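K.L.:
In UniProt numbering, the protein residues as written are 1 to 391.
Okay, here's the structure, questions in a sec.
Structure representation (C-alpha cells):
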C-alpha cells in the first residue's frame, strides 16, 4: 500500500507491536532480542526534570588523533553519561561482529530503472554532496545498517538503526565502518576498521578504543519517501539490492513503515529498557533532535509538519533560540540558530516568510544551520534525559 508522503506515515501511529519479530541478524539463528537483558536508570516523573546532568568524555589520546585517518569533529559532542557507564550498558544484539554485514561496494541505479521495486510511500534516506544525489531505501538498510559509500568528493558512512529509527551520515576519509553486533540504549554500536573504536551511532562519539572521547564529523542524511525524494531530485541515484548477500528485501523483519506497523508503531513497546524513560511522548513518536552546546532539544516531527515552523523560545529560557522548519518537498525538518526576525510558514508555497515578506525555501534560510536528525523519542530521551521538548 502506498502513501504519498512521509507526513502520512507520521500520522499512522497507534496500535500494538507484532507478537513475533524476526531480527535481521546476518546468518545467526539466535538473534531475537531479549528485553530483560538490560535495565537502565529511569525518570519515573516522565518529564526529564530529574535528569539534568551533562558531561563530556575525557579527550581522546593525542597520538591516536595524529595517527587516525578518520575525520574527527573540532568540538566534542556533549554526552549525558560517562563512557564507562555506556560501556556497562552495552549489550549483545544476538550476532557477532559483522554478523549484520555492511555494504562496502554499493551499486546504484537511476529513477527509471527502479521500476516497481519501491512504492512512492516507502522510506528512503536522502543525501546530497557536491551535486551528487543518493537515495538509500530503508528496506535495504534494515538488513545492513551501514553503507560505506563515496558521494561527490567525499567518502561517507550512511548508517541506519532500525531499533531507534535513526539515519545518520559520517565522514570517513576512506576508513570503513562496520556493525559491532552490540547495542546501547537500543542503538547501533558501530566500529571502525582502522583501530576498532566503538561508536554508538546517535552519540557519534567513541566510548571505547583508541579514539575514546572523539566525535565524528556528521553528514546530514534526511528521512524521506521515495515519491517525495524522486520528485524533488529526479536525478537521484538509488542503492540497489545487488549487495552480494541473499536477503528478502521485500520484507522488513521488524514490521512496516508503509503503512506503519509492528515495531515501528508509536505506542509499541521497546525491545530493551532505555537508559532513561520519559513519558512526555509515546515511545516511537519521531522527533527532530539536536545537541548544541547549550543542551539537547527535540521537536515533535508530526507537530512540526502541522505547523511548518516551531521555535524553542516557547519552552526554554536559553540565550540561544532555535528554529525548526518543515520541508514539505521531502517530508523532513531543518534546524537553525534563530535571530530576532519573525518567521512564518506559507503552506501554499511551502516556503518560510520573514517579516519583510521575503520568502525562503526551508533549506535556504539566511541563518546558521544546526545539525539535527530524526529519532524515536524513547531513544532520544534515553541518551539525553535533560532534553527540552518542543511540541
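By construction, the Cβ of each residue, glycine as well, lies at the ideal position given by its N, Cα and C atoms.
Predicted model, so just to flag it, every value in this text is computed and none were measured.
Here's the rule I'm using: 16 or more other beta-carbon atoms within 10 Å means buried, otherwise exposed. How should residue 315 be labelled?
P.N.:
Taking the chain shown and counting its residues from 1, one reaches residue 315 at position 315. Exposed, since its Cβ has fewer than 16 Cβ neighbours within 10 Å.
K.L.:
Please classify residue 333 as buried or exposed, where buried requires at least 16 neighbouring CB atoms within 10 angstroms.
P.N.:
Taking the first residue of the chain shown as position 1, residue 333 is located at position 333. Burial call: buried.
K.L.:
Using beta-carbon positions only, say whether residue 187 and residue 164 come within less than 7 Å of one another.
P.N.:
Taking the chain shown and counting its residues from 1, the one referred to as residue 187 is at position 187. Taking the chain shown and counting its residues from 1, the one referred to as residue 164 is at position 164. Yes, these two residues count as a Cβ contact at 7 Å.
K.L.:
Leaving out five residues on either side along the sequence, give the residues of the same chain with a beta carbon under 7 Å from the beta carbon of residue 184.
P.N.:
Taking the first residue of the chain shown as position 1, residue 184 is located at position 184. Correct list, in chain order: 86, 89, 90, 200.
K.L.:
Assuming residue 134 is part of the beta strand (DSSP E), what are its boundary residues?
P.N.:
Locating residue 134 in the chain shown gives position 134, where the first residue counts as 1. Looking at the DSSP string, the run of the beta strand (DSSP E) that includes residue 134 is 132 to 137.
K.L.:
What are the complete beta strand (DSSP E) segments, minimum 3 residues, inside the stretch 89 to 141?
P.N.:
Counting whole runs of 3 or more residues, the stretch 89 to 141 contains the beta strand (DSSP E) stretches 108 to 110, 123 to 129, 132 to 137.
K.L.:
State the DSSP-derived secondary structure class of residue 198, mapped to helix, strand or coil.
P.N.:
What you label residue 198 is simply residue 198 of the chain shown in a count that begins at 1. Residue state, collapsed to three classes: strand.
K.L.:
Hey, residue 125 and residue 167 are a contact pair by Cβ (cut 8 Å); roughly how many whole angstroms apart?
P.N.:
Counted from its first residue, the chain shown places residue 125 at position 125. Counted from its first residue, the chain shown places residue 167 at position 167. Yes, they are in contact, since the Cβ atoms of residue 125 and residue 167 sit about 4 Å apart, within 8 Å.
K.L.:
Report the residue ranges of all beta strand (DSSP E) runs contained in full by the stretch 302 to 353; include only those spanning at least 3 residues, in chain order.
P.N.:
Taking only runs of at least 3 residues, the beta strand (DSSP E) segments lying wholly in the stretch 302 to 353 are 309 to 311, 322 to 327, 332 to 337, 343 to 346.
K.L.:
Take residue 93 as the anchor and find which of 161, 229, 368 has the nearest alpha-carbon.
P.N.:
Here residue 93 refers to the residue found at position 93 when the chain shown is read from its first residue. When only C-alpha atoms are compared, the closest one is 161.
K.L.:
With DSSP collapsed to three states, give me the class of residue 67.
P.N.:
Numbered from 1 along the chain shown, position 67 holds the residue referred to as residue 67. Residue state, collapsed to three classes: helix.
K.L.:
Identify whether residue 152 lies in helix, strand or coil by the three-state DSSP scheme.
P.N.:
The residue you call residue 152 lines up with position 152 of the chain shown. It is coil, neither helix nor strand.
K.L.:
Check the C-beta distance from residue 337 over to residue 367 and give it rounded, since I have them as a contact under 8 Å.
P.N.:
Your numbering for residue 337 matches position 337 in the chain shown. Your numbering for residue 367 matches position 367 in the chain shown. So it is a contact: roughly 6 Å between Cβ atoms.
K.L.:
Start and end of the alpha helix (DSSP H) containing residue 383?
P.N.:
To locate residue 383, count along the chain shown from 1; it is residue 383. 377 to 383 is the extent of the alpha helix (DSSP H) around residue 383.
K.L.:
Name the one or two DSSP bridge partners that residue 157 has.
P.N.:
Taking the first residue of the chain shown as position 1, residue 157 is located at position 157. Residue 157 pairs with 148, 170.
K.L.:
Tell me the DSSP secondary structure of residue 76 in three-state form.
P.N.:
Locating residue 76 in the chain shown gives position 76, counting from the first residue. Here residue 76 sits in coil by DSSP.
K.L.:
Pick helix, strand or coil for residue 39, following the three-state DSSP scheme.
P.N.:
Counted from its first residue, the chain shown places residue 39 at position 39. Residue placement at residue 39 cannot be trusted, given a pLDDT of 37 that sits under 50; what the coordinates show is reported in the next sentence. Coil at residue 39, not helix or strand.
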